[in-house]
Each structure stands twice: as structure tokens, then as C-alpha cells.
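Quick note, in full-length UniProt numbering, the sequence shown goes up one by one and the last residue is 353. See structure below.
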Amino acid sequence: MSHAAVADKSPSTLQGASLPRWSPWAIAAGSLVLALVIGLAGGLDSKVQWGLIAGILFILGTFGIAAKVEGRRQAKDRVATSLVWVAFLLAVVPLVSLLWTTIQRGVKVLDVYFLTHSMGVVADSEAGGGIYHAILGSLEQVGLATAIGAPVGILTAIYLVEYGRGSLAKAVTFFVDVMTGIPSIVAGLFILSLMLMLDMQPFGFAGSLALAILMMPVVVRSTEEMLKLVPNELREASLALGVPKWRTILKVVVPTSIGGIITGVMLAIARIAGETAPVLLLVFGNPFINANPFEGAQASLPLYIYQQYSQSAGSTAAYDRAWAASLTLIAFVMILNMVARGIARWKAPKTGR
């Protein structure tokens, strides 16, 4: 037998002992059981406290067991992975809990009648009524805000990435950063001041203007980052063929990043869809159906939720309507994101071998 064959059969001295793949699950299960015992023995009633204790025990247990079996270097790597998982659970659990609570309480009155009728002559303390007027108002206000804010934001981002040089580009970038952090009530007060100067009454389009102000910086920032990810080689190849720069941007740069741009627009829509303060100042709310956003007060889903919850003291009907409207708003945002992902995948440039 050759020396090579003997070497192949001999165990490797470079690979030390390692934990089995199921060990993280076993450590997690043990941490949960131990946290439960500690919580019951210590009289802790909060499940959040139990979860935090379990997370700490999971990290400590992972480090101790991995250090004993695999060494301290591999143990540190496993602890870093454990911290990522614990942070992930800390972020996901509240979201799942919120979604579950909204579904559990919102389905009580959520039906076809609730979606197709307005409050009309129904008092807030009485049963019945619906959110059709609020859905219609939200769709019109958010749609008009998107029609204003999305094109302006996308064109601004194209300017900053493709053309922006000098003091003007720096000034635009600075104001975009400032607008990103302004409270929504400030945008509402700005439009309200213009309405008072022009002696105008509350109407839906005024809310759209305030929402567009809040939407534009989000669109600019997200679109700018997506455009920066487009390789410069694509631009250079198009320009080398004699294609004008504007046509290169329109036919090469934007289609390459269209998926990320649409996702950014959807994030901006989700950002403004739940705003209450500007709508409360500018749209004022209306229990009746008003399909004209350019005349008269309108309702919207966030404002409807606020009004119903504020009237829910001693009224179970108003409380249930607020939760049902919240569930509708969440479903509205989720449907928008699903549609946006479908459009982004459809419009994304096709890749071949």
C-alpha cells in the first residue's frame, strides 16, 4: 500500500471536535425550560421577562458548551451567531404579537357591510356603520400624494446621482436630509398656513400635499441608493455606442434599478398611509362619503381609527371599529407591497446565460 493511501485513511489532525447540528436547538430548548423554572420560582408573571432570561441563558449556554467542546475561538463565533438570532427574535416577536392582536380584535366587525358602508347617521357610540368613506378618502389622498411625491423624488435622485455637482447638489442633499427627519405635524402646519393665507376650507387635496412633502425625501434617498448600485460599466458601454446620456439613464440605468426604486416608493407609501396629524389638521374628517378630494372635508383610515378610539370610552362598538379599521390599513399596505414586488419582478431586466 502506498504512503498516499495510508495518509488518506489516517484521521486529520487539523479538524477538532465540533458540536452536532442539532445542538443550538437543544440549547435553546434547555434555555426555555430553565427560564420557565426561574420565572416561576421568582414569581415573574411577564412572558417578556421569561423570554429575556431565556435569551441570556441561550447565549451563555452556547458559549460555555462551545468553549468546552470546540474551543474559545469557535465559541466566540457561535456567540455572535446566537446574538444575531436573539436580536432577530426580539424584532420579530413584537411584530407578530401586534399582527396577531390586530387580527384577533379586528375580525369581530370586519365584513362586507363594514367595508361597503360609511358612518352616515350612525353615532360613534352605536353599533353598525363602516369605513367605506375612510377607504375612499385614504386611496384618493395617498394616490394624489404619490402622483406628486414619487416623480419629484425619483427625478431629484436622478439629478443627484447622474448630474449633481457643486453647491446646488450639496444644498439639495442637505435639505433632503433635513426633510427626512421633520415631524409630520410640521408638514401639516406648513400647508395649513397656506390655507389660512388663501382663506381655504379643509379638503382632501390639502392632506395630499402634506403627505407628498413627507414622501419625497424617502423616495429620494431610496432611489439614490438604488441608482448608485448600477455598475458604471453599463453607463460607459451605452455612452461608448453614442447613446445620449438622457437616453442611457432612461433605457439602461432606470430599468436596471427599477425593482429597488419601486420598493422605495412602496416604503414611502407605507410611511404616509398611516399618518394622522396632517390629515387631522387639513382634511378634518367626514362621516359621510365625499369622493371629491378638491372640495369639502374627507375621511381617511388613520383619522377614522383615531376618532373611533377616542370615542371608545364606554362604547364597545367604536373600539371594535377602530381595530377593524387598523386591520384594513395593515392589509392595504401589505397588498400594495405585494403588487409592487410583482411589478418589480415583471419590469426587472431579464438575465440570461
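Virtual Cβ for every residue (Gly too), placed ideally from N, Cα, C. Computed from a predicted structure; not experimentally measured.
Provide the residue(s) that pair with residue i in DSSP beta bridges, ordered along the chain.
i: residue 284; result: 298
Taking residue i as part of the alpha helix (DSSP H), name the residues at either end of that continuous run.
i: residue 180; result: 166-180
i: residue 260; result: 258-273
i: residue 113; result: 112-116
i: residue 194; result: 184-197
i: residue 54; result: 47-69
i: residue 213; result: 204-228
i: residue 96; result: 72-106
i: residue 150; result: 132-158
i: residue 22; result: Residue 22 -> no alpha helix (DSSP H), and no H or E assigned at all.
i: residue 248; result: 245-248
i: residue 238; result: 232-240
Should residue i and residue j be called a contact, given that it needs their Cβ atoms to be closer than 7 Å?
i: residue 181; j: residue 283; result: no
i: residue 134; j: residue 299; result: yes
i: residue 323; j: residue 165; result: no
i: residue 285; j: residue 223; result: no
i: residue 301; j: residue 125; result: no
i: residue 354; j: residue 320; result: Residue 354 lies beyond the residue range present for the chain, which begins at 1 and ends at 353; the question has no answer from this structure.
i: residue 202; j: residue 297; result: yes
i: residue 61; j: residue 27; result: yes
i: residue 281; j: residue 303; result: no
i: residue 66; j: residue 80; result: no
i: residue 210; j: residue 237; result: no
i: residue 54; j: residue 145; result: no
i: residue 215; j: residue 261; result: no
i: residue 306; j: residue 328; result: no
i: residue 31; j: residue 58; result: yes
i: residue 153; j: residue 84; result: no
i: residue 249; j: residue 162; result: yes
i: residue 141; j: residue 207; result: yes
i: residue 196; j: residue 269; result: no
i: residue 118; j: residue 130; result: yes
i: residue 35; j: residue 25; result: no
i: residue 331; j: residue 266; result: no
Tell me whether residue i is buried or exposed, calling it buried when 16 or more other Cβ atoms sit within 10 Å of its Cβ.
i: residue 338; result: exposed
i: residue 18; result: exposed
i: residue 278; result: buried
i: residue 175; result: exposed
i: residue 147; result: exposed
i: residue 14; result: Note on residue 14: pLDDT 46, under 50, position unreliable in the model; no value is reported.
i: residue 101; result: exposed
i: residue 294; result: exposed
i: residue 91; result: exposed
i: residue 21; result: exposed
i: residue 42; result: exposed
i: residue 233; result: exposed
i: residue 290; result: buried
i: residue 287; result: buried
i: residue 316; result: exposed
i: residue 107; result: exposed
i: residue 88; result: exposed
i: residue 178; result: exposed
i: residue 156; result: buried
i: residue 37; result: exposed
i: residue 93; result: exposed
i: residue 256; result: buried
i: residue 112; result: exposed
i: residue 73; result: exposed
i: residue 10; result: Summary for residue 10: the model assigns pLDDT 45, below 50, so the residue's position carries little reliability, and this model does not support an answer.
i: residue 346; result: exposed
i: residue 171; result: exposed
i: residue 82; result: buried
i: residue 247; result: exposed
i: residue 326; result: buried
i: residue 136; result: buried
i: residue 184; result: buried
So, does the CB of residue i fall closer than 7 Å to a CB anywhere in chain B?
i: residue 124; result: Reference to chain B is not applicable here, since this structure consists of a single protein chain.
**Request:** Jot down the residue ranges of each uninterrupted beta strand (DSSP E) in the region 307-352, minimum 3 residues, whole runs only, in chain order.
**Result:** none
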